[in-house]
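Residue numbers (our numbering): -13 to 633.
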């Protein structure tokens, strides 16, 4: 059995894991799979926790009280400090809606069930990650749930003997991987957040306790090289589209296990044992706790994308704060320097009670709306505003727009960015006796040989909508209105066999979209009126307008300045120019540019204060008011295109 001793190489592995997570969260594109750093942490935890328990069992000193006391000393002081500071920042910055959501996540974090909360919240209208400063605590909840079950299971299995224990680890890992693979197809968020689907990673680390260290130097060097390759492959080659966890989690998981097994290799091991790597590993827990709330609160306050210099500055600040947290909070409490153990646990209990009371009161007071002085009374809740004011609210993906009558005069297809015009089009079509059939879906790319690609799989509902559209369009010459969230699919398209289509740059992606329009028209007939609506410029920020209007006034609110923004900052400006050029090359194609509606020659507006009208229901979708404004602007040319005789 491996002996319990300090391993600087494991701290070096912690450094690699936390840096991967940080650089991924700070949007450094090369680290597209940096989320796998969490899986490396799970392997490390599985190894260290099992090693400590088995060492105590073999020495006859194991007790549950002592085990959990060590976990509390290790985890809770820095966590509680982070939660207290986050509570203060949330009160100063967040809208009532987001303050309320923070209260729920605060309670869930304290009770070690935040992974379950965030799983339940997942969905198309889920509050964006940019509004969740405690989102990263999901991994702490998974670890803490592992701590709840693993000591008792290990104690029981150890009595049965080593063979039974290793067999249980193998069977449990296989079951976890199998279930994760199956779950990914129906509930990818559940597979990501829930503990049973992560057990294989803990088991990879736990099994190392019974594996003798490599005796030959060449074997250790080879194993360490393979392990470094495994974690590097996950960090640099995986992406949001990689089906994860499941079998893919074995790449960083086994890589981390190989590194732990051979981390004391004389040559390559220096990469992990050097003072810089080991030092970052020592502060990795505080670094992980601090980085996400700091990033979220700063982005929330700034209300726009971060520059490279800002991201670099925030990263530096993360390291400074993490070093202070490790020195002033983690180490003193862990080693019992500040107070007797009994007093420490009393203080922990009082702090937990204070945070629980604060979270409960946040929920009871509905996020303290009394902090807000908004003239937009209807905008009290951004998520509800989006649900209630989205321009496509109340219209079915496969329903009709306009007059209720047999048959239809035209077809509308695309994703939610065409459905957002339903409120305006319905009003127009009712006035002119027109009926349109819909073949739409959220996040759906329409085309003859393509579909949505999400977490490694084709989206069957999107594929079905494409088929429905072609079935509606073939064999007739009815006009077609087509629109998409044009700018949002560069990593979300595959062929019908599930092979992801990748693009070298934005230009090749834009050319692909135009080529897809040609293929659609070749399939349904080139001479029918084909109406393309481009990408709207957006609200100036992906977090939407309401998250600005309903902020408290404790701190300077610079987001109000972003309600009017340069035309060049609008979403999809260059792509719209390519779509316009395509339309101008064919007399049967019309292009309608939302920039003409919501922008002047130099700037774009997200709302009209004088009319008390908000043009967007969130960061990019048009509201009912925005939908009607756009259609009213387009209506003369739109009606002329719909009435063009076909040949």
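Beta carbons are placed, not taken as given, at the ideal position from N, Cα and C, and that holds for glycine.
Please read these numbers as outputs of a predicted model, since none were measured by experiment.
Cα-Cα separation, residue i to residue j
i, j, result
"residue 645", "residue 247", "Outside the displayed span of the chain (-13 to 633) sits residue 645, for which this structure offers no information."
"residue 140", "residue 50", "12 Å"
"residue 437", "residue 449", "6 Å"
"residue 439", "residue 414", "34 Å"
"residue 539", "residue 226", "36 Å"
"residue 211", "residue 357", "56 Å"
"residue 254", "residue 67", "37 Å"
"residue 634", "residue 617", "Nothing about residue 634 can be reported from this structure: the residues present for the chain run from -13 to 633 only."
"residue 350", "residue 284", "27 Å"
"residue 442", "residue 229", "5 Å"
"residue 112", "residue 260", "Note that residue 112 has pLDDT 47, beneath the 50 cutoff, so the model's placement of it is unreliable and no number is given."
"residue -12", "residue 199", "Because the pLDDT of residue -12 is 44, which lies under 50, any placement of that residue in the model is unreliable, and the number read from its coordinates should be weighed accordingly. Cα-Cα distance, rounded: 8 Å."
"residue 275", "residue 96", "14 Å"
"residue 467", "residue 567", "17 Å"
"residue 251", "residue 213", "12 Å"
"residue 338", "residue 220", "36 Å"
"residue 298", "residue 231", "30 Å"
"residue 158", "residue 241", "19 Å"
"residue 373", "residue 406", "12 Å"
"residue 6", "residue 263", "13 Å"
"residue 110", "residue 134", "In this predicted model, residue 110 has a pLDDT of only 44, less than 50, meaning its place in the structure is not dependable enough to derive any value."
"residue 494", "residue 513", "27 Å"
Host alpha helix (DSSP H) of residue i (start-end)
i, result
"residue 358", "Taken as a continuous stretch (DSSP letters only), residue 358 belongs to no alpha helix (DSSP H), as it is neither H nor E."
"residue 399", "Element bounds for residue 399: not the alpha helix (DSSP H) but the beta strand (DSSP E), 396 to 400."
"residue 105", "100 to 107"
"residue 576", "Not the alpha helix (DSSP H): residue 576 falls in the beta strand (DSSP E), residues 575 to 578."
"residue 334", "327 to 350"
"residue 611", "610 to 628"
"residue 589", "Here residue 589 belongs to no alpha helix (DSSP H); instead the beta strand (DSSP E) covers 589 to 591."
"residue 582", "581 to 584"
"residue 606", "Premise fails: residue 606 is in no alpha helix (DSSP H) and is neither H nor E."
"residue 388", "Segment 386 to 388 is the beta strand (DSSP E) holding residue 388; no alpha helix (DSSP H) there."
"residue 225", "Element bounds for residue 225: n/a, residue is neither H nor E."
Cβ shell of residue i (< 8 Å), same chain only, five flanking positions each side left out
i, result
"residue 544", "287, 288 and 289"
"residue 148", "196"
"residue 116", "282, 285, 286, 528 and 529"
"residue 354", "77, 82, 85 and 348"
Same chain only: Cβ atoms within 6 Å of residue i, ignoring 5 sequence neighbours per side
i, result
"residue 63", "315 and 319"
"residue 0", "267 and 270"
"residue 278", "122"
"residue 363", "Reliability of the predicted coordinates at residue 363 is poor, the pLDDT of 45 falling under 50, and the value obtained from them is presented with this limitation in mind. Once the five neighbours on either side are set aside, residue 363 has no close Cβ partner at all."
"residue 108", "175"
"residue 125", "24"
"residue 234", "228"
"residue 627", "515, 517 and 576"
Chain-order list of residues whose beta-carbon lies under 7 Å from that of residue i (same chain, five-residue window excluded)
i, result
"residue 562", "520, 521, 579 and 581"
"residue 473", "521, 557, 558 and 561"
Distance CB(residue i)-CB(residue j) smaller than 7 Å
i, j, result
"residue 186", "residue 162", "yes"
"residue 128", "residue 184", "yes"
"residue 427", "residue 452", "no"
"residue 65", "residue 345", "no"
"residue 445", "residue 530", "no"
"residue 205", "residue 243", "no"
"residue 515", "residue 590", "no"
"residue 150", "residue 143", "yes"
"residue 189", "residue 155", "yes"
"residue 387", "residue 408", "yes"
"residue 238", "residue -5", "no"
"residue 500", "residue 548", "no"
"residue 619", "residue 583", "yes"
"residue 421", "residue 394", "yes"
"residue 458", "residue 423", "yes"
"residue 610", "residue 461", "no"
"residue 432", "residue 455", "yes"
Where the beta strand (DSSP E) through residue i begins and ends
i, result
"residue 286", "Note, residue 286: premise wrong, no beta strand (DSSP E); alpha helix (DSSP H) at 270 to 288."
"residue -8", "Careful: residue -8 lies outside any beta strand (DSSP E) and carries neither H nor E."
"residue 407", "Per DSSP, residue 407 belongs to no beta strand (DSSP E) and is neither H nor E."
"residue 32", "Counting along the chain, residue 32 falls outside any beta strand (DSSP E), though it belongs to the alpha helix (DSSP H) covering 23 to 45."
"residue 440", "436 to 440"
"residue 447", "Not the beta strand (DSSP E): residue 447 falls in the alpha helix (DSSP H), residues 446 to 459."
"residue 469", "466 to 469"
"residue 423", "421 to 426"
CB contact check: residue i to chain D, cutoff 7 Å
i, result
"residue 263", "This model lacks chain D altogether, as it is built from one protein chain only."
message = What ranges does the alpha helix (DSSP H) occupy inside the segment 485 to 571, keeping only unbroken runs of at least 4 residues that lie completely in it?
response = Every alpha helix (DSSP H) stretch that sits fully inside the segment 485 to 571 and reaches 4 residues is listed by chain position as 492 to 510, 532 to 535 and 559 to 570.
Exercise for the section: Please go through the segment 111 to 198 and give each complete alpha helix (DSSP H) segment of 4 or more residues, from N-terminal end onward. Expected result: Entirely contained in the segment 111 to 198, the alpha helix (DSSP H) runs reaching 4 residues are, in chain order, 123 to 146, 148 to 172, 174 to 179 and 185 to 193.
_alpha helix (DSSP H) runs contained entirely in the segment 63 to 102, provided each spans 4 or more residues_ = Taken in chain order, the unbroken stretches of alpha helix (DSSP H) that lie wholly in the segment 63 to 102 and span 4 residues or more are 82 to 96.
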